[in-house]
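In my numbering, the protein residues as written are 1209 to 1416.
Note that beta-carbon positions come from the ideal geometry of N, C-alpha and C, so glycine has one too.
For clarity, every value in this text was computed on a predicted model and none was experimentally measured.
Here is the structure we will look at.
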């Protein structure tokens, strides 16, 4: 058992009891090969909630201040986190995610970027779609409902609230080269916006 599997098992077991986590559509997640999880983002706890959809180790971006202590660095390195400098387009972090994809492993990218509030999915960044098109791997939209009530942006103390995770159909990109990639990524981002909103709406409904 890897450290990731051990930590995942402990954290998710505790969260399952505390937040009565319900997952729907888990069977839609690919069981092998690389893919990109694209979760909604309303709380810092969305990282472990997204981990409910697969037992596989998932590479995810983590803000640089989580690595500021030696313990934090060891922990997040072991969990497969990729350090990214807040407020920058960190090319090194993106290259690290690309390396994970090239190894045939999944990654998670929050396409809204930072955490948001409310029922509407914010306008998405194109990074997840661009990687999907570049490497020909599917994007899996994941709506996480209820997490904003537990630990929303700006709050320090968590509250107990039901959480639901709704997985949408994987979106397969076209295989393209050159400038066509950016056009395809734009169209794929527009499709993802619609699908992620539907997943988030479903998860919010189930979390009430």
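Asked, Found
"Can you tell me where the beta strand (DSSP E) with residue 1268 in it begins and where it stops?", "1267-1271"
"Does residue 1232 come out as helix, strand or coil in the three-state DSSP assignment?", "strand"
"Leaving out five residues before and five after residue 1253 in sequence, what residues of the same chain have Cβ atoms less than 7 angstroms from its Cβ?", "1355, 1358, 1359"
"Can you tell me which of the three DSSP states residue 1319 falls into?", "coil"
"Return the CA-CA distance between residue 1364 and residue 1322, expressed in angstroms with no decimal places.", "17 angstroms"
"What three-state label does DSSP hand residue 1400 in the structure shown?", "helix"
"DSSP has residue 1349 in a bridge; who is on the other side?", "1246"
"When the Cα atoms are used, what is the spatial distance from residue 1330 to residue 1250?", "11 angstroms"
"Looking at the secondary structure, which residues open and close the alpha helix (DSSP H) in which residue 1310 lies?", "1299-1310"
"Would you check if there are 3 or more beta carbon pairs closer than 8 angstroms linking the region 1303-1322 to the region 1253-1264?", "yes"
"According to DSSP, is residue 1372 helix, strand or coil?", "strand"
"Going by DSSP, name the residue or residues bridged to residue 1289.", "1268"
"Alpha carbon to alpha carbon, what distance is there between residue 1387 and residue 1224?", "45 angstroms"
"With the cut-off set at 8 angstroms, would you say residue 1378 and residue 1236 are in Cβ contact?", "yes"
"May I have the straight-line CA-CA distance separating residue 1212 from residue 1265, to the nearest angstrom?", "7 angstroms"
"With a cut-off of 8 angstroms on the beta carbons, I'd call residue 1245 and residue 1346 a contact; round off their distance for me.", "Wrong, their Cβ atoms sit about 10 angstroms apart, outside the cutoff."
"Can you check whether the CB of residue 1230 is closer than 8 angstroms to the CB of residue 1404?", "no"
"Just confirm the distance between the C-beta atoms of residue 1412 and residue 1327, as a whole number of angstroms; I'd bet it's less than 8 angstroms.", "7 angstroms"
"Under 8 angstroms between the Cβ atoms of residue 1348 and residue 1234?", "no"
"Is the beta carbon of residue 1269 less than 8 angstroms from the beta carbon of residue 1232?", "no"
"Between residue 1226 and the rest of its own chain, which residues show a CB-CB distance below 8 angstroms, the 5 nearest in sequence each way excluded?", "1368"
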